[in-house]
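I have placed the structure first, in the form of C-alpha cells, so that the comments after it can refer back to it.
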Amino acid sequence: MTVVCERVVSSLSPDDMEALCEAVTAGILDGGGFGWLQPPGNQALERYFEGLLLVQERSLYVLREDGIICGAGQLVRPPSSYEAHAATVNLTGFFVAPYARGRGLGRALIQAMIQGAKAMGSKVINCDVRETHAAAIGLFRSLGFEHWGTHPYYARIGGQTVRGLFFSKLLAGEHEAARWQSSIAAPDAGGAPVSSETTKSHQGLMLYPAIDLKDGACVRLRRGEMEDATHYSDDPAAQAKLFEEAGCRHLHVVDLNGAFAGKSTNVPAIESIVKATGLPVQLGGGIRDMAAIERWLEAGVSRIILGSVAVKDPELVRQAARAFPGQIVAGIDARQGRVATEGWAEVSELEANDLALRMEDAGVAAIIFTEITRDGMLGGLDLEQTADMARRLSIPVIASGGVGTLDHLRDLRAIARDVPGISGAIVGRALYDGRISLKDALDVLGSC
C-alpha cells in the first residue's frame, strides 16, 4: 500500500475529480460533511472543488492510497486585513472515505497538513468537529490538539441538536512557544485585552474604482436614482484600462439596467471590460439565478455580487457560496439602516446588520455595504454603520457610497485601524470628477 498526501496546486484530472467526488459522497452518507447532509451530486461537488483553487486563502490537500484519492482536507487562512490572526490557520473539510478508514490514513493526512501550515508560517492551527465524530476527536487529541471550547448548538441534524468541539494546536517551536505563552494578552482594568508586544498598524485597504453601466455607458447616479445620472464615458473598456494603468488592482462593475430589470442587460459592455484588462472584476446588478452566476464566472468575472436575492432568495446565495467558494459577495444597500432591493427602488423592513449576519452564515466571501442616501453625493461614507457591521462579522466589509475627498478616505483608514474587518472602499464619482486622483487615493489607502 502506497500512501501519498499532497497539496493540490492545479486542476485535478477527470479521474482524480471523479475519485474525490466519490470519496466525498461516501463521507457525506456516512455522517455529513462540507455542510451537506445529503450528497449534492457530482456536478455541484466538481464546481465546489474547482472553485477552491481560485481562492488564495484556501489550500486543498488530498490523500491518495495506491494513487486513488480517498480523502481530503483544507487549510484556510484569515483575510489579509485580519492582521491579528495572521499566524493562525483553520483546518476544515477534513475527511477520509469510510471504505479507507482504519489504516492510519487520516493521521498521515493531518500530519501533512500540519507541515503545510508550518511551511506557510502559521503558528497555530484550529479546527472544530461534531461531538458525534468520536474517531476524529480521538485522532486530533492524539496529535496534540487541545480541546478548548464546546458549542452547544453546533449543528441541527435529523431533528436533533449536535454539539461541536473546538481544538487548537500550537505549531511554534519550543522556544517560540514559550515566548508566545508568556505574552498571552490579559484583560486590563477596563476589561480590554492588552498585549506585551506592540500592535502593528492595519494593512492597506483595497481601492475598488466603480464602473456603473447604464445603456452601455459609464455613469454615476445620485442616491440610486436612475433619472439622476451623470454620463462619463461611452467606452467602458477604455475606462477600465485607464484604471488598470493608473495602478488599480480590482474593478467594481454594476449593471444598473440589470438591477432594475432583474437580468443582465449591459452584456457587451461587461464583456468588453473583462477582456480589456487582466484585473479581477466583481460584478453586480440583475444576477438572480445560478445560470447567470455560472455564465459570468465562466466569462471571466472573478466575483459575483448578489443584492436583491440576498433578501428574496437567501437559499440561492447559500448554494452559490457553496458551489463557488470565495467568489460570491453580498451587496447590502440600505436607506438609513433598512435594506433596499430591486435597484434600490424598494425598501424592506430588514435591518442591514441582520442581513449581513445571515449572509455570513450563508458563506459569502465579503459584504459590500452602501448607504444609499450618501451614494454619489460626495459627502463622505457612513463610517458609523460600516464599522458597526464590520465589528459584528468575521468576513471583510467593503465600504461604499459617498466618498468625495481624500479626507473621507483618510477617515476610513483611521477607522479601519481599530476595525480590521473593513477591507476596502468603492469610489466612483469623485474619481470621474477629478476631486480625487487615483494615485492619491491609492497612497492614502495603502492598497497594492
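Each number in our numbering comes from the position in the sequence shown (counting from 1) with 355 added on.
Note that CB positions come from ideal geometry on N, CA and C, so glycine has one too.
What does the alpha-carbon distance come out to for the pair residue i and residue j?
i	j	result
Val672	Val719	8 Å
Leu418	Glu361	7 Å
His399	Ala678	Note that residue 399 corresponds to Ala in the displayed sequence, not to His. Near 6 Å, if we compare the C-alpha coordinates of Ala678 and Ala399.
Pro395	Ala785	46 Å
Arg650	Leu525	43 Å
Ala472	Ile642	37 Å
Arg713	Ser749	12 Å
Pro369	Ile659	27 Å
Ala839	Tyr454	Because residue 839 is not part of the residues shown, which for the chain are 356 to 803, the question remains open.
Asp762	Ile781	15 Å
Ala510	Arg518	7 Å
Ala601	Leu800	15 Å
Leu733	Gly640	22 Å
Cys803	Leu797	With a pLDDT of 35 at Cys803, under the threshold of 50, the modelled position of that residue is not reliable, and the figure given next carries that caveat. Whole-angstrom Cα-Cα distance: 8 Å.
Leu375	Ser497	26 Å
Ala592	Leu392	44 Å
Lys569	Gly513	48 Å
Asp589	Ala595	12 Å
Lys794	Ser657	24 Å
Gln515	Pro507	12 Å
Ile480	Leu460	20 Å
Val636	Cys425	35 Å
Gly633	Ala717	29 Å
Measuring CA to CA, which of the options is closest to residue i?
i	options	result
Pro751	Pro775, Gly386, Glu401	Pro775
Arg690	Gln682, Lys524, Ile727	Ile727
Cys573	Glu599, Ala601, Asn621, Glu600	Asn621
Ala441	Gly448, Glu412, Ala467	Glu412
Ala654	Glu626, Lys667, Val664, Ala676	Glu626
Pro623	Ala631, Gly617, Ala721	Ala631
Arg604	Leu375, Ala769, Ala675, Leu562	Leu562
His502	Gly789, Lys618, Glu486	Glu486
Gly448	Arg456, Ile423, Tyr416	Tyr416
Ile484	Met475, Leu494, Asp589	It should be noted that the sequence gives Val, not Ile, for residue 484. Taking only the C-alpha atoms, the option nearest Val484 is Leu494.
Asp788	Leu767, Leu764, Ala771, Thr760	Thr760
Glu401	Arg432, Ile512, Leu367	Leu367
Asp567	Ala614, Val758, Gly559, Leu560	Ala614
Val664	Ile465, Ala647, Ala771	Ala647
Ile465	Leu793, Gln594, Ala491, Ser477	Ala491
Asp743	Ala711, Arg729, Leu764	Ala711
Leu560	Leu767, Gly783, Val666	Leu767
Go ahead and pull the three-state DSSP assignment for residue i.
i	result
Gln411	coil
Val636	strand
Gly428	strand
Thr357	coil
Pro433	coil
Ser778	strand
Val444	strand
Thr741	helix
Arg511	strand
Val517	strand
Met475	coil
Arg419	strand
Phe495	helix
Gly504	strand
Thr725	strand
Glu373	helix
Arg456	coil
Val363	coil
Leu384	helix
Leu712	helix
Glu706	strand
Val694	strand
Val349	Coverage of the chain is limited to positions 356 through 803, which leaves residue 349 absent and any answer about it impossible.
Leu392	coil
Leu464	helix
Gly801	coil
Quick one: residues in its chain with C-beta nearer than 6 Å to the C-beta of residue i, no 5 flanking neighbours on either side, listed in chain order?
i	result
Cys482	Leu446, Phe522
His488	none
Ala500	Reading off the sequence, residue 500 comes out as Phe, not Ala. Within the same chain, Phe500 has close Cβ partners Phe522, Lys524.
Ala745	Val752, Val774, Gly776, Ile777
Gln504	Before going on, a small fix: residue 504 reads as Gly here, not Gln. So the list reads Phe521, once near-sequence residues are dropped.
Ser755	Ile723, Thr725, Ile781
Looking only at its chain, what residues have a beta carbon closer than 8 Å to the beta carbon of residue i, apart from the 5 residues adjacent to it on each side?
i	result
Met356	Glu420, Asp421, Arg458
Gln740	Ala689, Gly692, Ala707, Phe724, Glu726
Arg462	Leu494, Ser497, Leu498
Met475	Ser414, Leu430, Arg432, Val444
Please tell me whether, using a cut-off of 7 Å, the distance from the CB of residue i to the nearest non-hydrogen atom of the ligand NAD is below it.
i	result
Leu748	This structure simply doesn't include the ligand NAD, nor any ligand for that matter.
Who are the near neighbours of residue i in its chain, counting only those whose CB is closer than 7 Å to its CB and skipping five residues on each side?
i	result
Leu652	Ile659, Phe679, Gln682
Gly617	Gly641, Arg643
Just to confirm the assignment: which complete alpha helix (DSSP H) runs, minimum length 4, are found wholly within the stretch 566-621? 591-600, 611-616
For a minimum of 4 consecutive residues, which ranges assigned as the alpha helix (DSSP H) are wholly contained in the stretch 622-692? 622-631, 645-653, 663-667, 669-678
Threshold first: 4 residues or longer. Then list the alpha helix (DSSP H) segments lying entirely within the stretch 750-799, N to C. 761-773, 784-787
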